[in-house]
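One structure is given here, and the rest of the page talks about it.
2 protein chains.
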Amino acid sequence: MSNQETSRTRHRRGSAKPTLKDVAEAAGVSSITVSRALNTPERVNGVTRQRVFDAVDKVGYVPNLVAGSLATSSSRFIAVIVPSLSNVVFIEVIKGLQETFEARGYQMLLGNTDYDLQREHQLVRTFLGWSCSALVTAGLRHSEACRTLLSHWDKPIMEVMELGEALDLNVGLDHHEAGRCMARHLLERDYRSIVYVGACMDGDYRADMRFSGHRHELEAAGLEAPLIELDQLGSLAAGTAGLDRVLKEFPDARAIHFANDDLATGALLHAQRLGLRVPKDIAIAGFNGLPLGQHVTPRLTTIQSPREAMGRRAAEQVLRRLDHQPVTRRQHDVGFKLLVGQST
Amino acid sequence: MSNQETSRTRHRRGSAKPTLKDVAEAAGVSSITVSRALNTPERVNGVTRQRVFDAVDKVGYVPNLVAGSLATSSSRFIAVIVPSLSNVVFIEVIKGLQETFEARGYQMLLGNTDYDLQREHQLVRTFLGWSCSALVTAGLRHSEACRTLLSHWDKPIMEVMELGEALDLNVGLDHHEAGRCMARHLLERDYRSIVYVGACMDGDYRADMRFSGHRHELEAAGLEAPLIELDQLGSLAAGTAGLDRVLKEFPDARAIHFANDDLATGALLHAQRLGLRVPKDIAIAGFNGLPLGQHVTPRLTTIQSPREAMGRRAAEQVLRRLDHQPVTRRQHDVGFKLLVGQST
DNA sequence: CGCTGTCATGTTAGCGCTAACATAGTTCTA
DNA sequence: TAGAACTATGTTAGCGCTAACATGACAGCG
Chain P
12 MSNQETSRTR HRRGSAKPTL KDVAEAAGVS SITVSRALNT PERVNGVTRQ
62 RVFDAVDKVG YVPNLVAGSL ATSSSRFIAV IVPSLSNVVF IEVIKGLQET
112 FEARGYQMLL GNTDYDLQRE HQLVRTFLGW SCSALVTAGL RHSEACRTLL
162 SHWDKPIMEV MELGEALDLN VGLDHHEAGR CMARHLLERD YRSIVYVGAC
212 MDGDYRADMR FSGHRHELEA AGLEAPLIEL DQLGSLAAGT AGLDRVLKEF
262 PDARAIHFAN DDLATGALLH AQRLGLRVPK DIAIAGFNGL PLGQHVTPRL
312 TTIQSPREAM GRRAAEQVLR RLDHQPVTRR QHDVGFKLLV GQST
Chain C
12 MSNQETSRTR HRRGSAKPTL KDVAEAAGVS SITVSRALNT PERVNGVTRQ
62 RVFDAVDKVG YVPNLVAGSL ATSSSRFIAV IVPSLSNVVF IEVIKGLQET
112 FEARGYQMLL GNTDYDLQRE HQLVRTFLGW SCSALVTAGL RHSEACRTLL
162 SHWDKPIMEV MELGEALDLN VGLDHHEAGR CMARHLLERD YRSIVYVGAC
212 MDGDYRADMR FSGHRHELEA AGLEAPLIEL DQLGSLAAGT AGLDRVLKEF
262 PDARAIHFAN DDLATGALLH AQRLGLRVPK DIAIAGFNGL PLGQHVTPRL
312 TTIQSPREAM GRRAAEQVLR RLDHQPVTRR QHDVGFKLLV GQST
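Order-wise, the sequence lines are chains P and C. With this note's numbering applied, the first sequence covers 12 to 355. With this note's numbering applied, the second sequence covers 12 to 355.
Right, here's the structure in full:
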């Protein structure tokens, strides 16, 4: 059979939704003019532009962004990869990112690794497949394969949370230093028997970085730095368990440096139930500066981490890159602040 | 000039990344075979399949999902629209959705309306443009334009949080009934002067639905149902302010029914700072059953809403639809549970 | 008046992938 | 043993959009 015959009956696929062409016909222009009227309106005559807009409304046109992305080989997606959605910390960073990106017309693609680097690699592959404009990932640790994949990628990469040897851009704070800072505070208050309590620190390795700062400071003062690692994620309930373990395993402990505020507040509330006086019987410190810890009595001593601001700052840096503005520094330290409450 | 001449120099666009064709050449097959080996491996001979996989690794191929979506006119995206990322409630619903969808290879596209229906419409337009497989939105309230847009859409639509007149699928709980339930509890405990305190209830209209249930129950008992509406979003700090206003504006109040646990816990902690005994001087009740309220002393009386479960349930229903399984019921009530603590 | 520049719009050729149809080769069936 | 049925692979034609180049109309200039 001839070509004419075979081509006759080949079925259309796709949906029946109106396309650029339909709008173009309704407006009596070519489809490229419609495309221009929608994407670069200043390049189209005012009268024509209005005709196009009317036609868009008339036919109920919704742009097919998938087709647009294929043609330009770039989407207005920003991939964001975090290790957990159960932790407010990441949620707030996401919030900062999301607001800043959304205001500039970028759509966030959110992925959750559950602290699994294989999962991260998988997500990165998927996201690259979506021609994202940039990628934001929480933390500097990646699998080797993931690192290779990213190093061949030519779009901005932003690593947030901690500072260090980054692939491209980096916004965060020095967790080692934060751990030292709190340890120093406790030493200044004359606590000598101090236990550090973390939760799942192989996943939440930043808690481990803080512990390492804490340990350095204690060892410099000639003290031991005992560690208790809980095998559940940080939560109020885990804090309760953490306090119980300290009381049992280190009955002489005078202060507890918790890896985060959830743990610390859980312990503080539990201490009250047990009739322990904080800080007289036991001092308690946290990390993050969550509202929670600032509303209990005694107010929690903690370190304020600027989470939303970190997200915003990271997004701004990425946007600068996407706007081809010069990036002076690849690394930004957002810092932290010791909040001294009454719990130490 | 002839056609040959013009076609000679037209530049390639797109990125230099390897494509299906490159893999096909490396494997010595046609590109459709590569496509099949990756998408429907069972339709390709085992030996060929392995050759393809090897070629994929060799050339470092990452599938272009944008092109795939255009060809199939469907992406494995699920659009999820929530009014806020500052509220744990939505975060937990998102978590339930995300886990369930991700396990089945769907990618969540998250949008935040900031309680603005115009913004929601805008997001829906964008998401439809991405050929999403389904759309999940928090709540049943939409702008007229948005409703029209969605009614012409042929993919599953899931509305979560509350129950009612839905566009398609609906998973949630009865907020009116939840408000009544708590009011009934307070009446049973012989509180007669009860104030309801909400925050931004025009945005968080579900809090208003609970208030309406609360009011019905109180009025049925021949009581007034005074309302205080705070103009800040629910938070511990707002709860502090809420308690202050109640004490000032309704000095005779014996119980406060807060619209959520953040407010209630903030008030409870503030009451302790003020030296008020809870529930002796003032009873406090919340809504949501957040861990926070269950860790303070006295434990908060509240209503447990199954947030993650709601997300999971919603995702499962959507997946059933996407799998063309019969959907027996379009509406699912996930219910709620009164948690009686010591605060009432 | 021809030249250059600018503006507004159009034509053409893909972007990278897959649905639909086509084609061999092999196995099974009556 | 013809042909039906199945398996494995290939060819072709888009999906809906936009970059790149083309065209024509008009203004400004020496």
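Built from N, CA and C at the ideal position, the CB exists for glycine as well.
Taking the alpha carbon of residue 116 of chain C as the point to measure from, which residue in C:306, C:124 and C:86 has its own alpha carbon closest?
-> Along the second sequence, one-based indexing puts residue 116 of chain C at 105. Residue C:86 is the option with its Cα nearest to residue 116 of chain C.
Quick one: does residue 90 of chain C have its CB under 8 Å from some CB of chain P?
-> Indexing the second sequence from 1 puts residue 90 of chain C at position 79. No, its Cβ sits nowhere closer than 8 Å to a Cβ of chain P.
Hey, quick one: how far does the alpha helix (DSSP H) through residue 361 of chain P stretch, first residue to last?
-> Chain P is shown only over 12 to 355; residue 361 of chain P falls outside these bounds and no answer can be derived.
For residue 168 of chain P, does the three-state DSSP call read helix, strand or coil?
-> To locate residue 168 of chain P, count along the first sequence from 1; it is residue 157. Note: residue 168 of chain P maps to strand in three-state DSSP.
Taking a cut of 7 Å between CB atoms, which residues from the segment 296-308 of chain C lie near chain P?
-> Residues of the segment 296-308 of chain C with a C-beta less than 7 Å from any C-beta of chain P: 302, 303, 306, 307 and 308, listed in chain order.
Do residue 277 of chain C and residue 316 of chain C come within 8 Å of each other at the CB atom, strictly closer than that value?
-> Here residue 316 of chain C refers to the residue found at position 305 when the second sequence is read from its first residue. Here residue 277 of chain C refers to the residue found at position 266 when the second sequence is read from its first residue. No; because the gap between Cβ atoms is not below 8 Å, this pair is not in contact.
Residue 309 of chain C to residue 168 of chain P, Cα distance in whole Å?
-> By 1-based counting over the second sequence, the position of residue 309 of chain C is 298. By 1-based counting over the first sequence, the position of residue 168 of chain P is 157. Each residue's Cα considered, the two are about 48 Å apart.
For residue 164 of chain P, I'd like the list of residues in its chain whose CB is within less than 6 Å of its CB, leaving aside the five on either flank, ordered along the chain.
-> Within the first sequence, the letter at position 153 stands for residue 164 of chain P. Once the five neighbours on either side are set aside, residue 164 of chain P has no close Cβ partner at all.
If you check the beta carbons only, do residue 272 of chain C and residue 244 of chain C fall under 8 Å apart?
-> Translated into the one-based positions of the second sequence, residue 272 of chain C becomes position 261. Translated into the one-based positions of the second sequence, residue 244 of chain C becomes position 233. No; because the gap between Cβ atoms is not below 8 Å, this pair is not in contact.
Taking only the alpha-carbon atoms, compute the straight-line gap between residue 89 of chain C and residue 330 of chain P and give it to the nearest angstrom.
-> As a working note, residue 89 of chain C is residue 78 in the second sequence. As a working note, residue 330 of chain P is residue 319 in the first sequence. Each residue's Cα considered, the two are about 26 Å apart.
Opening and closing residue of the beta strand (DSSP E) in which residue 90 of chain C lies | Counting from one through the second sequence, the residue named residue 90 of chain C turns up at place 79. Counting along the chain, the beta strand (DSSP E) containing residue 90 of chain C begins and ends at 88-93.
Which class does residue 132 of chain P belong to by DSSP, given the choice of helix, strand or coil?
-> Looking up residue 132 of chain P in the first sequence gives position 121. Reduced to three states, the DSSP call for residue 132 of chain P is helix.
Would you please state the rounded distance, in angstroms, between the beta carbons of residue 236 of chain P and residue 207 of chain P? I believe it to be under 8 Å.
-> Here residue 236 of chain P corresponds to residue number 225 of the first sequence, with the count starting at 1. Here residue 207 of chain P corresponds to residue number 196 of the first sequence, with the count starting at 1. Sure, about 6 Å apart at Cβ, within 8 Å.
Within chain P, partners of residue 137 of chain C - CB distance below 8 Å = Within the second sequence, numbered from 1, the residue matching residue 137 of chain C stands at position 126. The answer, in chain order, is 76 and 118.
Within the same chain, show all residues whose beta-carbon is closer than 6 Å to that of residue 348 of chain C, passing over the 5 residues directly before and after it, in chain order.
-> Stepping through the second sequence from its first residue, residue 348 of chain C is reached at position 337. Same-chain partners within the cutoff: 315.
Classify residue 268 of chain C as helix, strand or coil using the three-state DSSP reduction.
-> Counting from 1 along the second sequence, the entry for residue 268 of chain C is found at position 257. Residue 268 of chain C falls in the strand class under three-state DSSP.
So, residue 280 of chain P versus residue 295 of chain P, is the Cβ gap smaller than 8 Å?
-> On the first sequence, position 269 is the one that residue 280 of chain P refers to. On the first sequence, position 284 is the one that residue 295 of chain P refers to. Result no, Cβ atoms of residue 280 of chain P and residue 295 of chain P do not sit closer than 8 Å.
Nearest candidate by alpha-carbon position, reference residue 129 of chain P, set P:241, P:158 and P:97 = Mapped onto the first sequence, residue 129 of chain P falls at position 118. Checking every option, the nearest Cα to that of residue 129 of chain P belongs to P:158.
Give a yes or no on whether 8 Å exceeds the smallest Cβ distance from residue 51 of chain P to chain C.
-> Here residue 51 of chain P refers to the residue found at position 40 of the first sequence. Taking Cβ atoms only, chain C never reaches closer than 8 Å to residue 51 of chain P, which makes this a no.
For the alpha helix (DSSP H) that residue 216 of chain P lies in, which residues bound it at each end?
-> By 1-based counting over the first sequence, the position of residue 216 of chain P is 205. Here the alpha helix (DSSP H) through residue 216 of chain P covers 216-231.
Among C:171, C:103 and C:254, which residue has its Cα nearest to the Cα of residue 270 of chain C?
-> Numbered from its first residue, the second sequence carries residue 270 of chain C at position 259. Closest option to residue 270 of chain C, Cα to Cα, is C:254.
Min CB distance residue 45 of chain P to chain C below 8 Å | Position 34 of the first sequence holds residue 45 of chain P. Answer no: the Cβ-Cβ gap between residue 45 of chain P and chain C never drops below 8 Å.
Report the neighbours of residue 277 of chain P on chain C: residues whose CB is nearer than 9 Å to its CB, in chain order.
-> In the first sequence, the residue the question calls residue 277 of chain P occupies position 266. 302 and 306, listed in chain order.
Quick one: give me the first and last residue of the alpha helix (DSSP H) that residue 105 of chain P is part of.
-> Counted from its first residue, the first sequence places residue 105 of chain P at position 94. Note, residue 105 of chain P: alpha helix (DSSP H), 99-114.
Measure the alpha-carbon distance for residue 238 of chain P versus residue 119 of chain P and round it to whole angstroms.
-> Counting from 1 along the first sequence, the entry for residue 238 of chain P is found at position 227. Counting from 1 along the first sequence, the entry for residue 119 of chain P is found at position 108. Cα to Cα, the separation comes out at about 38 Å.
Neighbour-count burial assignment, residue 51 of chain C, 16 or more Cβ in a 10 Å radius = For this step, residue 51 of chain C is matched to residue 40 along the second sequence. The residue is exposed, with fewer than 16 neighbouring Cβ atoms inside 10 Å.
Could you work out which residue in P:149, P:287 and P:101 is closest to residue 421 of chain P when comparing CA atoms only?
-> The question about residue 421 of chain P has no answer here: the residues shown for chain P are numbered 12 through 355.
The segment 69-80 of chain P / the segment 31-50 of chain P touching (three or more Cβ pairs under 8 Å) = yes
Anything in chain C within Cβ reach of residue 97 of chain P, meaning under 9 Å, just list it in chain order.
-> Taking the first residue of the first sequence as 1, we reach residue 97 of chain P at position 86. Within chain C, the residues near residue 97 of chain P are 102, 103 and 106.
Beta-carbon proximity check, residue 353 of chain P vs residue 338 of chain P, cutoff 8 Å | What you label residue 353 of chain P is simply residue 342 of the first sequence in a count that begins at 1. What you label residue 338 of chain P is simply residue 327 of the first sequence in a count that begins at 1. No, the Cβ-Cβ distance between residue 353 of chain P and residue 338 of chain P is not below 8 Å.
Using a C-beta cutoff of 8 Å, does residue 149 of chain C count as contacting chain P?
-> If you number the second sequence from 1, residue 149 of chain C lands on position 138. With 8 Å as the cut-off, residue 149 of chain C does not count as an interface residue toward chain P.
Mind checking if residue 17 of chain P is an interface residue toward chain C, Cβ cutoff 8 Å exclusive?
-> Here residue 17 of chain P refers to the residue found at position 6 when the first sequence is read from its first residue. Residue confidence is low: residue 17 of chain P scores 33 on pLDDT, short of 50, so the model does not pin down where it sits. Its coordinate-derived value is still stated next. No, residue 17 of chain P lies away from the interface with chain C (no Cβ there is under 8 Å from its Cβ).
Applying a beta-carbon distance threshold of less than 8 Å, which residues of chain P neighbour residue 284 of chain C?
-> Numbered from its first residue, the second sequence carries residue 284 of chain C at position 273. Here the neighbours are 308.
Which residue comes first and which comes last in the alpha helix (DSSP H) that contains residue 53 of chain P?
-> Within the first sequence, the letter at position 42 stands for residue 53 of chain P. Here residue 53 of chain P belongs to no alpha helix (DSSP H), and DSSP marks it neither H nor E.
For residue 73 of chain P, decide whether its Cβ has a neighbour in chain C, counting only Cβ atoms nearer than 8 Å.
-> As a working mapping, residue 73 of chain P is identified with position 62 in the first sequence. Yes, residue 73 of chain P counts as interfacial toward chain C.
Does any CB atom of chain P fall closer than 8 Å to the CB of residue 30 of chain C?
-> Counted from its first residue, the second sequence places residue 30 of chain C at position 19. At a cut-off of 8 Å between beta carbons, residue 30 of chain C makes no contact with chain P.
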